[in-house]
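In this note's numbering, the protein residues as written are 709 to 983. Glycine residues also receive a C-beta, built at the ideal position from the N, C-alpha and C atoms. Some notes on the structure that comes next.
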Ligand SMILES: NC(=O)c1ccc[n+]([C@@H]2O[C@H](COP(=O)([O-])OP(=O)(O)OC[C@H]3O[C@@H](n4cnc5c(N)ncnc54)[C@H](OP(=O)(O)O)[C@@H]3O)[C@@H](O)[C@H]2O)c1
């Protein structure tokens with residue numbers, strides 16, 4: 709991986725998370741190139757991380773063996789159409805992280821069949837505990853898949869899917885997922901505050917409990933159901949709390965939330981097909 713230059717187009721939250729993770733894993737800053745249409749964002753990333761910021765989009769494309777397209781879905785069509793010529797000439801591996809933009813659409817905008825990987829990372833990539841779903845189109849070589857995987861593995865775990873539509877489910881699960889856990893943590897912290905704990909106490913207890921629960925689940929083969937049962941002794945306090953959550957329909961609410969996010973991801977894709 710370290711033989712390749714990586715160019716990032718779009719210097720926002722995800723690019724910042726990915727760069728930070730790559731640098732922490734030992735990737736050389738001088739092989740990371742960034743272009744954002746706002747020069748101050750490019751300069752900010754350059755001074756924060758010591759990467760190569762450039763005010764010239766085409767230069768970044770020229771330098772990169774791997775091009776990470778990290779702009780919002782709405783900005784992708786203009787970007788890709790404007791870069792078609794350079795990409796056809798340089799033939800970098802393209803990794804798109806935009807939600808809802810299919811490889812077919814990207815090829816249509818590029819005007820040619822090209823090696824494209826769709827990646828759906830999430831923001832914990834910043835701390836190298838991200839989760840990324842990956843899909844490669846038929847033009848992508850095995851060596852390019854390995855390269856993309858090694859880049860995304862530097863910032864957390866990776867999983868491949870064989871069907872592109874599964875990326876919509878991954879978007880709903882782990883792409884948006886950090887926000888669901890932040891919401892649960894916020895609800896737990898606020899609940900504890902309302903029952904009288906000082907804010908700082910409620911916060912540290914909530915966050916450490918979330919971290920401890922995640923580590924217990926990650927570091928053992930014990931199914932989640934069993935881990936739940938082990939905390940919830942019959943007739944005890946946890947059982948009471950869980951019965952309130954269950955009767956409020958927590959499982960159903962999560963199912964509906966995931967369906968809504970997945971449908972939105974598909975809808976974004978459909979809207980672009982029509983435009
Ligand atoms: N945030 C997440 O948790 C997450 C998770 C997984 C995937 N994603 C995907 O990652 C992508 C980026 O998300 P983000 O949260 O990093 O967005 P962001 O913070 O808004 O960053 C995107 C940056 O790209 C710039 N930009 C737009 N068009 C450009 C162009 N043609 N050339 C150069 N720069 C351009 C934007 O400038 P302006 O500010 O002027 O628009 C902005 O600075 C999105 O497609 C999103 O679907 C995000």
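Do residue 768 and residue 715 count as a contact pair if the criterion is CB distance below 8 Å?
Within the chain shown, the letter at position 7 stands for residue 715. Within the chain shown, the letter at position 60 stands for residue 768. The answer is yes: Cβ separation under 8 Å.
For this session: Confirm the yes/no value for this check: CB of residue 903, any heavy atom of ligand 1, distance under 7 Å.
Result: By one-based count along the chain shown, residue 903 stands at place 195. Incorrect: residue 903 has no Cβ contact closer than 7 Å to ligand 1.
So, residue 860 versus residue 842, is the Cβ gap smaller than 8 Å?
What you label residue 860 is simply residue 152 of the chain shown in a count that begins at 1. What you label residue 842 is simply residue 134 of the chain shown in a count that begins at 1. Less than 8 Å separates the beta-carbon of residue 860 from that of residue 842.
- Would the beta-carbon of residue 889 fall within 8 Å of that of residue 918? One-based indexing of the chain shown puts residue 889 at position 181. One-based indexing of the chain shown puts residue 918 at position 210. Yes, these two residues count as a Cβ contact at 8 Å.
Here's the rule I'm using: 16 or more other beta-carbon atoms within 10 Å means buried, otherwise exposed. How should residue 726 be labelled?
Taking the first residue of the chain shown as 1, we reach residue 726 at position 18. By the C-beta density criterion, residue 726 is buried, having at least 16 other C-beta atoms within 10 angstroms.
Member of 832, 822, 803, 873 whose CA lies at the smallest distance from the CA of residue 854 | If you number the chain shown from 1, residue 854 lands on position 146. Selected option, being the one with the closest Cα: 803.
How big is the Cα-Cα spacing for residue 762 and residue 948? As a first step, residue 762 must be located in the chain shown, where it is residue number 54. As a first step, residue 948 must be located in the chain shown, where it is residue number 240. Residue 762 and residue 948: Cα-Cα distance of roughly 58 Å.
I'd like to know whether the C-beta atoms of residue 740 and residue 759 end up nearer to each other than 8 Å.
Here residue 740 corresponds to residue number 32 of the chain shown, with the count starting at 1. Here residue 759 corresponds to residue number 51 of the chain shown, with the count starting at 1. Closer than 8 Å, so yes.
task: Just tell me which of 959, 946, 721, 968 has its CA closest to the CA of residue 832.
output: Residue numbering aside, residue 832 sits at position 124 when the chain shown is read from its first letter. Nearest of 959, 946, 721, 968 to residue 832, Cα basis: 721.
ask   = Can you give the Cα-Cα distance for residue 754 and residue 743, rounded to whole angstroms?
value = Residue mapping note: residue 754 aligns to position 46 of the chain shown, counting from 1. Residue mapping note: residue 743 aligns to position 35 of the chain shown, counting from 1. Their backbone Cα atoms lie some 10 Å apart in a straight line.
Notebook entry, point to check: Should residue 801 and residue 827 be called a contact, given that it needs their Cβ atoms to be closer than 8 Å?
Noted result: Taking the first residue of the chain shown as position 1, residue 801 is located at position 93. Taking the first residue of the chain shown as position 1, residue 827 is located at position 119. No, the pair does not count as a contact, with Cβ atoms beyond the cut-off.
- Message: Between the alpha carbons of residue 848 and residue 825, how many angstroms are there, rounded?
- Response: Sequence index remark: in the chain shown, residue 848 carries index 140 (1-based). Sequence index remark: in the chain shown, residue 825 carries index 117 (1-based). Cα-Cα distance, rounded: 8 Å.
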